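Counting from 1 along the sequence shown, just add 26 to a position and that's the residue number in the working numbering.
By construction, the Cβ of each residue, glycine as well, lies at the ideal position given by its N, Cα and C atoms.
Remember, predicted model here, so these are calculated numbers, not experimental data.
As C-alpha coordinates, the structure follows; a few thoughts come after it.
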Amino acid sequence: MEMTLLFVTVGFLMVLQITIPFIVKRTVVFGVTIPVDEIRNEQLLRYKKLYALLTFFISIVVLALYFIWSKDISPSENHLILAGLLLPFDILFISMSLYFYFHMKVSTLKREKQWFKDRKQVKVSELNLRTKDEMLPWIMYVIPMVITAGLMVFTLVNYNSLPDQIPTHWGPDGKPDAFTTKSYLSALTLPLVLLVMNAMFLGINELTRNSGIKLSAGNIKASRVRQLRLRKYTSWLLFFISILISMLFTFLQFTTLYENSVSDLLIITMPLAFSALVLIGTVLMAIKVGKKDSDLDLEVIDEGTGEVINADDDQYWKGGLFYFNPEDPSIFVEKRFGVGWTLNFARPMGYLILVAPLLVIIIITLI
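Pasting the structure below:
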(Lines of atoms letter the chains of each structure in order from A and count residues from 1; the text may use other names and numbers.)
(Lines give C-alpha, C1' and ligand atoms only; values in the text may rest on other atoms or scores of the structure.)
Protein backbone atom coordinates (compact mmCIF):
# COMPACT_ATOMS: atom_id res chain seq x y z
CA MET A 1 0.00 0.00 0.00
CA GLU A 2 2.79 2.43 0.92
CA MET A 3 4.52 1.77 -2.41
CA THR A 4 1.28 2.40 -4.32
CA LEU A 5 0.65 5.64 -2.44
CA LEU A 6 4.21 6.76 -3.11
CA PHE A 7 3.98 6.07 -6.84
CA VAL A 8 0.62 7.84 -7.08
CA THR A 9 2.05 10.87 -5.27
CA VAL A 10 5.16 10.98 -7.46
CA GLY A 11 3.00 10.42 -10.54
CA PHE A 12 0.84 13.43 -9.67
CA LEU A 13 3.96 15.54 -9.15
CA MET A 14 5.46 14.40 -12.45
CA VAL A 15 2.27 15.25 -14.36
CA LEU A 16 2.12 18.65 -12.67
CA GLN A 17 5.71 19.46 -13.62
CA ILE A 18 5.12 18.32 -17.20
CA THR A 19 2.08 20.54 -17.63
CA ILE A 20 3.52 23.71 -16.05
CA PRO A 21 4.64 25.36 -19.34
CA PHE A 22 1.12 24.89 -20.70
CA ILE A 23 -0.80 26.30 -17.69
CA VAL A 24 1.22 29.44 -16.92
CA LYS A 25 0.23 32.76 -18.51
CA ARG A 26 0.45 32.66 -22.29
CA THR A 27 2.72 35.69 -22.35
CA VAL A 28 5.33 34.02 -20.12
CA VAL A 29 7.42 31.14 -21.48
CA PHE A 30 9.96 29.54 -19.11
CA GLY A 31 10.01 32.73 -17.04
CA VAL A 32 10.50 35.03 -20.04
CA THR A 33 7.94 37.65 -21.11
CA ILE A 34 6.89 37.47 -24.76
CA PRO A 35 4.49 39.67 -26.77
CA VAL A 36 0.93 38.40 -27.05
CA ASP A 37 1.32 38.01 -30.82
CA GLU A 38 4.16 35.48 -30.32
CA ILE A 39 2.28 33.00 -28.13
CA ARG A 40 1.91 30.57 -31.06
CA ASN A 41 5.53 30.90 -32.13
CA GLU A 42 6.58 27.47 -33.44
CA GLN A 43 9.99 27.56 -31.79
CA LEU A 44 8.48 28.34 -28.38
CA LEU A 45 5.90 25.57 -28.77
CA ARG A 46 8.72 23.19 -29.68
CA TYR A 47 10.61 24.11 -26.51
CA LYS A 48 7.53 23.40 -24.38
CA LYS A 49 6.94 20.00 -25.98
CA LEU A 50 10.60 19.05 -25.65
CA TYR A 51 10.59 20.03 -21.96
CA ALA A 52 7.49 17.89 -21.36
CA LEU A 53 8.96 14.85 -23.14
CA LEU A 54 12.33 15.08 -21.37
CA THR A 55 10.70 15.55 -17.96
CA PHE A 56 8.46 12.54 -18.58
CA PHE A 57 11.15 10.14 -19.80
CA ILE A 58 13.80 11.08 -17.21
CA SER A 59 11.23 10.86 -14.40
CA ILE A 60 10.13 7.41 -15.60
CA VAL A 61 13.77 6.27 -15.58
CA VAL A 62 14.20 7.54 -12.00
CA LEU A 63 11.02 5.76 -10.88
CA ALA A 64 12.13 2.55 -12.59
CA LEU A 65 15.54 2.70 -10.90
CA TYR A 66 13.89 3.21 -7.51
CA PHE A 67 11.56 0.25 -8.10
CA ILE A 68 14.44 -2.03 -9.21
CA TRP A 69 16.57 -0.93 -6.25
CA SER A 70 13.75 -1.56 -3.77
CA LYS A 71 13.11 -5.07 -5.15
CA ASP A 72 16.60 -6.36 -5.94
CA ILE A 73 18.81 -4.74 -3.30
CA SER A 74 16.36 -5.39 -0.43
CA PRO A 75 17.17 -2.19 1.52
CA SER A 76 16.15 -1.71 5.13
CA GLU A 77 12.72 -0.24 5.83
CA ASN A 78 14.21 3.08 6.95
CA HIS A 79 16.38 3.37 3.82
CA LEU A 80 13.41 2.48 1.63
CA ILE A 81 11.19 5.12 3.22
CA LEU A 82 13.94 7.76 3.16
CA ALA A 83 14.60 7.14 -0.53
CA GLY A 84 10.87 7.31 -1.19
CA LEU A 85 10.63 10.68 0.57
CA LEU A 86 13.53 11.97 -1.55
CA LEU A 87 11.93 10.76 -4.78
CA PRO A 88 9.65 13.82 -5.24
CA PHE A 89 12.67 16.10 -4.81
CA ASP A 90 14.44 14.17 -7.58
CA ILE A 91 11.52 14.91 -9.89
CA LEU A 92 11.62 18.60 -8.92
CA PHE A 93 15.38 18.74 -9.53
CA ILE A 94 14.92 17.25 -13.00
CA SER A 95 12.15 19.72 -13.79
CA MET A 96 14.07 22.77 -12.59
CA SER A 97 17.25 21.76 -14.40
CA LEU A 98 15.32 21.57 -17.66
CA TYR A 99 13.56 24.83 -16.82
CA PHE A 100 16.83 26.76 -16.55
CA TYR A 101 18.07 25.26 -19.81
CA PHE A 102 14.97 26.37 -21.73
CA HIS A 103 14.87 29.70 -19.88
CA MET A 104 18.23 30.52 -21.44
CA LYS A 105 17.06 29.30 -24.85
CA VAL A 106 13.95 31.52 -24.80
CA SER A 107 15.92 34.51 -23.48
CA THR A 108 18.37 34.14 -26.36
CA LEU A 109 15.55 33.85 -28.91
CA LYS A 110 13.81 36.93 -27.52
CA ARG A 111 17.02 38.95 -27.65
CA GLU A 112 17.75 37.90 -31.23
CA LYS A 113 14.21 38.61 -32.50
CA GLN A 114 13.89 41.93 -30.58
CA TRP A 115 10.17 41.32 -30.07
CA PHE A 116 9.62 44.38 -27.86
CA LYS A 117 11.69 46.88 -29.85
CA ASP A 118 9.86 50.13 -30.82
CA ARG A 119 6.51 48.88 -29.49
CA LYS A 120 4.34 50.61 -26.91
CA GLN A 121 4.21 48.61 -23.68
CA VAL A 122 1.39 49.29 -21.22
CA LYS A 123 0.30 48.05 -17.79
CA VAL A 124 -3.41 47.59 -17.08
CA SER A 125 -5.38 47.77 -13.83
CA GLU A 126 -9.08 47.95 -12.94
CA LEU A 127 -10.09 49.91 -9.86
CA ASN A 128 -13.32 47.98 -9.22
CA LEU A 129 -11.89 44.49 -9.74
CA ARG A 130 -11.39 43.82 -6.02
CA THR A 131 -15.17 43.93 -5.52
CA LYS A 132 -15.28 40.61 -7.43
CA ASP A 133 -12.59 39.00 -5.29
CA GLU A 134 -13.71 35.70 -3.68
CA MET A 135 -10.81 35.01 -1.34
CA LEU A 136 -11.72 33.44 2.00
CA PRO A 137 -12.19 35.93 4.85
CA TRP A 138 -9.55 35.93 7.58
CA ILE A 139 -12.02 34.51 10.10
CA MET A 140 -11.95 31.15 8.29
CA TYR A 141 -8.26 30.79 9.16
CA VAL A 142 -9.17 31.01 12.83
CA ILE A 143 -10.76 27.53 12.57
CA PRO A 144 -7.38 25.70 12.45
CA MET A 145 -6.27 27.87 15.37
CA VAL A 146 -9.29 26.70 17.35
CA ILE A 147 -8.25 23.10 16.58
CA THR A 148 -4.76 23.93 17.84
CA ALA A 149 -6.15 25.53 21.00
CA GLY A 150 -8.19 22.38 21.60
CA LEU A 151 -5.04 20.30 21.16
CA MET A 152 -3.28 22.42 23.78
CA VAL A 153 -6.13 21.95 26.25
CA PHE A 154 -6.16 18.20 25.52
CA THR A 155 -2.41 18.02 26.16
CA LEU A 156 -2.59 19.92 29.45
CA VAL A 157 -5.56 17.89 30.71
CA ASN A 158 -3.71 14.64 29.95
CA TYR A 159 -0.27 15.90 31.00
CA ASN A 160 0.12 13.35 33.80
CA SER A 161 -0.56 10.53 31.33
CA LEU A 162 2.22 11.59 28.97
CA PRO A 163 5.42 9.49 28.96
CA ASP A 164 8.50 10.78 30.78
CA GLN A 165 10.25 11.21 27.43
CA ILE A 166 8.43 13.42 24.89
CA PRO A 167 9.12 12.87 21.15
CA THR A 168 10.66 15.89 19.40
CA HIS A 169 11.37 14.40 15.99
CA TRP A 170 9.85 11.68 13.81
CA GLY A 171 11.87 9.58 11.38
CA PRO A 172 10.97 8.61 7.80
CA ASP A 173 9.05 5.60 9.12
CA GLY A 174 6.74 7.92 11.07
CA LYS A 175 8.11 6.79 14.43
CA PRO A 176 9.77 9.15 16.95
CA ASP A 177 13.58 9.01 16.93
CA ALA A 178 14.47 11.92 19.24
CA PHE A 179 13.16 12.65 22.74
CA THR A 180 13.36 15.21 25.53
CA THR A 181 12.43 15.14 29.21
CA LYS A 182 8.77 15.82 29.91
CA SER A 183 7.84 19.36 30.87
CA TYR A 184 4.91 21.60 30.12
CA LEU A 185 6.89 23.35 27.39
CA SER A 186 8.13 20.14 25.76
CA ALA A 187 4.61 18.70 25.87
CA LEU A 188 3.26 21.82 24.15
CA THR A 189 6.07 22.16 21.58
CA LEU A 190 4.11 20.50 18.77
CA PRO A 191 0.92 22.54 19.34
CA LEU A 192 2.94 25.78 19.61
CA VAL A 193 4.73 25.06 16.33
CA LEU A 194 1.34 24.31 14.79
CA LEU A 195 -0.04 27.62 16.07
CA VAL A 196 2.84 29.52 14.43
CA MET A 197 2.14 27.74 11.14
CA ASN A 198 -1.59 28.54 11.39
CA ALA A 199 -0.74 32.20 11.94
CA MET A 200 1.66 32.12 8.98
CA PHE A 201 -1.08 30.83 6.66
CA LEU A 202 -3.41 33.56 7.91
CA GLY A 203 -0.75 36.20 7.24
CA ILE A 204 -0.03 34.89 3.75
CA ASN A 205 -3.72 34.95 2.89
CA GLU A 206 -4.13 38.56 4.02
CA LEU A 207 -0.96 39.80 2.31
CA THR A 208 -2.05 38.06 -0.88
CA ARG A 209 -5.41 39.81 -0.62
CA ASN A 210 -3.62 43.17 -0.48
CA SER A 211 -1.34 42.39 -3.44
CA GLY A 212 -1.91 44.11 -6.77
CA ILE A 213 -4.07 42.52 -9.48
CA LYS A 214 -2.03 42.69 -12.68
CA LEU A 215 -3.77 42.35 -16.04
CA SER A 216 -2.30 41.69 -19.48
CA ALA A 217 -2.77 44.47 -22.04
CA GLY A 218 -2.90 41.89 -24.80
CA ASN A 219 -5.76 39.90 -23.26
CA ILE A 220 -7.53 41.79 -20.49
CA LYS A 221 -10.64 39.61 -20.28
CA ALA A 222 -8.84 36.27 -19.84
CA SER A 223 -6.18 37.68 -17.52
CA ARG A 224 -8.92 39.20 -15.34
CA VAL A 225 -10.58 35.79 -14.92
CA ARG A 226 -7.22 34.13 -14.27
CA GLN A 227 -6.24 36.62 -11.56
CA LEU A 228 -9.57 36.23 -9.74
CA ARG A 229 -9.35 32.43 -9.94
CA LEU A 230 -5.76 32.47 -8.71
CA ARG A 231 -6.65 34.53 -5.67
CA LYS A 232 -9.78 32.49 -4.88
CA TYR A 233 -8.34 28.99 -5.23
CA THR A 234 -4.96 29.68 -3.60
CA SER A 235 -6.89 31.05 -0.62
CA TRP A 236 -8.89 27.81 -0.46
CA LEU A 237 -5.75 25.70 -0.88
CA LEU A 238 -3.97 27.50 1.97
CA PHE A 239 -6.97 26.90 4.21
CA PHE A 240 -7.09 23.22 3.18
CA ILE A 241 -3.38 22.75 3.94
CA SER A 242 -3.74 24.53 7.28
CA ILE A 243 -6.54 22.13 8.27
CA LEU A 244 -4.53 19.10 7.09
CA ILE A 245 -1.44 20.15 9.05
CA SER A 246 -3.59 20.65 12.14
CA MET A 247 -4.98 17.13 11.72
CA LEU A 248 -1.51 15.62 11.17
CA PHE A 249 -0.01 17.33 14.22
CA THR A 250 -3.03 16.31 16.30
CA PHE A 251 -2.44 12.72 15.21
CA LEU A 252 1.26 12.93 16.17
CA GLN A 253 0.35 14.36 19.57
CA PHE A 254 -2.24 11.60 20.03
CA THR A 255 0.40 8.93 19.30
CA THR A 256 2.56 10.48 22.03
CA LEU A 257 -0.18 9.99 24.60
CA TYR A 258 -1.47 6.65 23.30
CA GLU A 259 1.64 5.24 21.66
CA ASN A 260 0.55 1.61 21.83
CA SER A 261 -2.95 2.15 20.44
CA VAL A 262 -1.89 3.19 16.92
CA SER A 263 -0.71 0.62 14.37
CA ASP A 264 2.66 0.95 12.63
CA LEU A 265 0.88 0.94 9.27
CA LEU A 266 -1.19 3.98 10.24
CA ILE A 267 1.89 5.79 11.55
CA ILE A 268 3.62 5.30 8.19
CA THR A 269 0.53 6.01 6.09
CA MET A 270 -0.56 9.28 7.72
CA PRO A 271 2.40 11.45 6.57
CA LEU A 272 2.22 9.93 3.08
CA ALA A 273 -1.52 10.51 2.92
CA PHE A 274 -0.97 14.11 4.03
CA SER A 275 1.56 14.65 1.23
CA ALA A 276 -0.75 13.02 -1.32
CA LEU A 277 -3.75 15.16 -0.32
CA VAL A 278 -1.70 18.36 -0.46
CA LEU A 279 -0.42 17.38 -3.89
CA ILE A 280 -3.92 16.55 -5.15
CA GLY A 281 -5.19 19.90 -3.86
CA THR A 282 -2.33 21.67 -5.60
CA VAL A 283 -3.09 19.88 -8.88
CA LEU A 284 -6.79 20.77 -8.68
CA MET A 285 -5.92 24.41 -8.00
CA ALA A 286 -3.48 24.44 -10.91
CA ILE A 287 -6.16 23.03 -13.23
CA LYS A 288 -8.79 25.57 -12.17
CA VAL A 289 -6.41 28.50 -12.60
CA GLY A 290 -4.40 27.14 -15.53
CA LYS A 291 -7.42 26.68 -17.80
CA LYS A 292 -7.59 30.45 -18.36
CA ASP A 293 -5.12 32.71 -20.21
CA SER A 294 -2.83 29.75 -20.90
CA ASP A 295 -2.19 27.30 -23.73
CA LEU A 296 -5.24 25.37 -22.51
CA ASP A 297 -7.48 28.39 -23.11
CA LEU A 298 -9.22 27.94 -26.48
CA GLU A 299 -10.45 31.54 -26.57
CA VAL A 300 -8.85 33.43 -29.46
CA ILE A 301 -7.00 36.58 -28.43
CA ASP A 302 -7.97 39.77 -30.22
CA GLU A 303 -4.53 41.19 -30.96
CA GLY A 304 -5.79 44.48 -32.43
CA THR A 305 -3.20 46.48 -34.35
CA GLY A 306 -0.26 45.02 -32.43
CA GLU A 307 1.05 48.51 -31.63
CA VAL A 308 0.14 48.20 -27.94
CA ILE A 309 1.41 45.09 -26.13
CA ASN A 310 1.87 43.75 -22.62
CA ALA A 311 4.74 45.27 -20.64
CA ASP A 312 8.12 43.53 -20.55
CA ASP A 313 9.20 43.38 -16.90
CA ASP A 314 11.89 40.72 -17.20
CA GLN A 315 14.40 43.07 -15.55
CA TYR A 316 12.60 42.50 -12.25
CA TRP A 317 12.79 38.70 -12.48
CA LYS A 318 16.05 36.92 -11.65
CA GLY A 319 16.23 33.70 -13.60
CA GLY A 320 12.50 34.07 -14.24
CA LEU A 321 11.83 32.80 -10.70
CA PHE A 322 12.77 35.49 -8.18
CA TYR A 323 10.92 38.81 -8.30
CA PHE A 324 12.83 41.89 -7.14
CA ASN A 325 11.00 45.17 -7.73
CA PRO A 326 11.33 47.90 -5.06
CA GLU A 327 8.77 50.04 -6.91
CA ASP A 328 6.03 47.41 -6.54
CA PRO A 329 4.26 47.60 -3.14
CA SER A 330 2.93 44.04 -3.51
CA ILE A 331 4.43 41.45 -1.17
CA PHE A 332 3.19 38.53 -3.28
CA VAL A 333 3.03 38.29 -7.08
CA GLU A 334 1.97 35.54 -9.46
CA LYS A 335 4.63 32.95 -10.22
CA ARG A 336 6.20 32.79 -13.66
CA PHE A 337 6.87 29.07 -13.60
CA GLY A 338 4.11 27.23 -11.82
CA VAL A 339 0.71 28.28 -10.55
CA GLY A 340 0.56 30.25 -7.34
CA TRP A 341 2.45 33.07 -5.68
CA THR A 342 6.02 34.08 -5.02
CA LEU A 343 7.54 36.85 -2.92
CA ASN A 344 8.65 40.28 -4.00
CA PHE A 345 12.15 39.98 -2.54
CA ALA A 346 12.68 43.74 -2.76
CA ARG A 347 10.16 44.24 0.08
CA PRO A 348 11.56 43.71 3.62
CA MET A 349 8.22 42.23 4.68
CA GLY A 350 8.89 39.35 2.28
CA TYR A 351 12.03 38.33 4.16
CA LEU A 352 10.16 38.71 7.45
CA ILE A 353 7.52 36.25 6.24
CA LEU A 354 10.22 33.74 5.32
CA VAL A 355 12.47 34.11 8.35
CA ALA A 356 10.23 35.05 11.30
CA PRO A 357 8.13 31.83 11.46
CA LEU A 358 11.27 29.71 11.10
CA LEU A 359 13.02 31.59 13.90
CA VAL A 360 10.01 31.27 16.20
CA ILE A 361 9.74 27.53 15.48
CA ILE A 362 13.47 27.02 16.06
CA ILE A 363 13.32 28.94 19.36
CA ILE A 364 10.31 26.91 20.53
CA THR A 365 12.00 23.59 19.72
CA LEU A 366 15.32 24.57 21.33
CA ILE A 367 13.98 25.95 24.62
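- Message: If you measure between the beta carbons of Ala-243 and Asn-336, is that distance less than 7 angstroms?
- Response: yes
- Apart from the five residues on each side of it in sequence, which residues of its chain come closer than 6 angstroms, Cβ to Cβ, to Thr-194? Ala-204 and Thr-206
- If you run the structure through DSSP and keep just helix, strand and coil, what is Leu-369? strand
- Task: Using only the heavy atoms of the ligand FAD, determine whether one of them is closer than 6 angstroms to the beta carbon of Ile-46.
- Result: The ligand FAD is not part of the structure shown, which contains no ligands of any sort.
- Report the rounded CA-to-CA distance for Lys-139 versus Lys-146, giving the unit in angstroms. 17 angstroms
- Query: What's the C-alpha gap between Leu-162 and Phe-82?
  - Reply: 36 angstroms
- 7 angstroms Cβ cutoff met for Val-251 and Ile-387: no
- Message: Measuring only the C-alpha atoms, how far is Ile-49 from Asn-186?
- Response: 53 angstroms
- Query: Does DSSP classify Asn-224 as helix, strand or coil?
  - Reply: helix
- Could you have a look at Ala-312 and say whether DSSP puts it in helix, strand or coil? helix
- Is the number of C-beta pairs between the segment 221-236 and the segment 340-354 that are closer than 8 angstroms three or more? no
- Message: With H, G and I counted as helix, E and B as strand and the rest as coil, what does DSSP make of Trp-141?
- Response: coil
- Within this structure, are the beta carbons of Phe-363 and Gly-57 separated by less than 7 angstroms? yes
- Task: Measure the C-alpha to C-alpha separation of Ile-357 and Tyr-377 and round it to an integer number of angstroms.
- Result: 10 angstroms
- Run through DSSP, which three-state label would Thr-206 get? strand
- Report the three-state DSSP secondary structure of Ile-192 (helix, strand or coil). strand
- Task: Per DSSP, which residues does Trp-343 bridge with? Please list them.
- Result: Tyr-349
- First and last residue of the alpha helix (DSSP H) that includes Lys-74? 68-98
- Item | Span of the alpha helix (DSSP H) around Phe-265 | 246-283
- Going by CA-CA distance only, name the one from Tyr-342, Val-309, Asp-290 and Arg-66 that's closest to Gln-43. Val-309
- Message: Less than 7 angstroms between the beta carbons of Ser-85 and Met-40, yes or no?
- Response: yes
- Note down the Cα distance separating Asp-190 from Gly-345, rounded to an integer number of angstroms. 51 angstroms
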